[in-house]
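Throughout, my numbering is defined as the position within the sequence shown, counted from one, plus 1.
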Amino acid sequence: EKDLYDYLPNAFSFSQPTDLVCSDFYWTKEYEDHIFVILVDCTSHGVPGAFLSMIGFEYLSEIIDLMAIRDPAKILTELNLIISAALTQSTESELVDGMDVAICRINKKTNTITFSGARRPLHYVENNVLHVIKGNISGAGINLQSREPEFTNVHINLQPDTILFLFSDGYPNQFNKQGHKFKISNFKKLLLEITQIETELEKVTKLGLELNNWIEGYEQLDDVLVIGFSYYNTQLPTVKRRKRKVQKSSE
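As structure tokens, then:
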């Protein structure tokens, strides 16, 4: 299948698993009017994480392609119900904590993004300023304990210089041998530094060097996945900047 780079040529992804297979993953696909970029952070590792990663990928395809649900908040609602039902019937269910999800739907005809998150945020940079859209925390995201969390959509007008980031929590939560956590504050500074780097390869290299220098002498505790991308259709009229709109799960 086509990858992130086929839909968004300026995109990059950095992945560093703790095991042979990364339990965190991204799902992306282009439709007539939209491009989806979805990051999933599975909170288990090893076999349980691989199990959840596998069913999560398949269910996203089922919801978006077969059920034709294209609203990000509604996708999260449906994904929560389907995975919760599947795991309660599975012998692996006691081993699986859950999954945190960030969904971006790019509208190619309006230069806008609709975002909805389950315990995962969206970070984006405009005019060298970092902005953060937090994911919903009601129901603690997608897990076995919460069957009916409420997810919301946030709409953002894209600008020519907008760079967007989705990431799992493995990078900012990594400790070093002195017992210090990398922390989200340092990770935000790193994201700003990355926006000043010209090529996607150099951005990925920067992420890898910073992480491995931090880990040196210690063990990696969690899978790491970082995605960066941008989109702007220059054929459309310029849209004036305005405040973000927050909307409930129905559009």
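C-beta: ideal position from N, C-alpha, C; glycine also. Because the structure is a prediction, the values reported are computed rather than measured.
Contact holds between the stretch 147-166 and the stretch 66-82, because three or more Cβ pairs, one in each stretch, are under 8 Å apart. It is roughly 40 Å from the alpha-carbon of T113 to the alpha-carbon of E217.
G229 counts as buried, since no fewer than 16 other beta carbons sit within 10 angstroms of its beta carbon.
Taking A51 as the centre and dropping the five residues before and after it, the same chain places the C-beta of V22, S24 closer than 7 Å to its C-beta, in chain order. The residue among E33, F58, E63 with its C-alpha nearest the C-alpha of V102 is F58. For the set F37, P161, N128, N187, the Cα lying nearest the Cα of D170 is the one of N187.
Y219 sits away from I164, with the two beta carbons spaced by 8 Å or more. Counting the other Cβ atoms within 10 Å of the Cβ of A69 gives fewer than 16, which makes it exposed. The continuous stretches of alpha helix (DSSP H) do not include E63, and DSSP gives it neither H nor E. P173 is not a Cβ neighbour of F166, given a cutoff of 8 Å. For F152, the three-state secondary structure derived from DSSP is coil. Around the CB of V133, fewer than 16 other CB atoms lie within 10 Å, so the residue is classed as exposed. Annotation note: the stretch 154-196 contains the following uninterrupted alpha helix (DSSP H) runs of length 4 or greater, listed N- to C-terminal: 185-195. Beta bridge pairing from DSSP links Y27 with L40. Nearest C-alpha to D34 among A119, I185, N108: N108. The C-alpha of L77 lies about 17 Å from the C-alpha of I36. Its Cα nearest to that of I84, the residue C43 stands out among C43, Q236, D162. For I198, there is no enclosing beta strand (DSSP E), as DSSP marks it with neither H nor E. Secondary structure at S85: helix, using DSSP grouped into helix, strand and coil. By the C-beta density criterion, A12 is buried, having at least 16 other C-beta atoms within 10 angstroms. About 7 Å separates the CB atoms of V227 and S14; that is less than 8 Å, so the two are in contact.
With respect to I56, A87 sits close: the two C-beta atoms are nearer than 8 Å.
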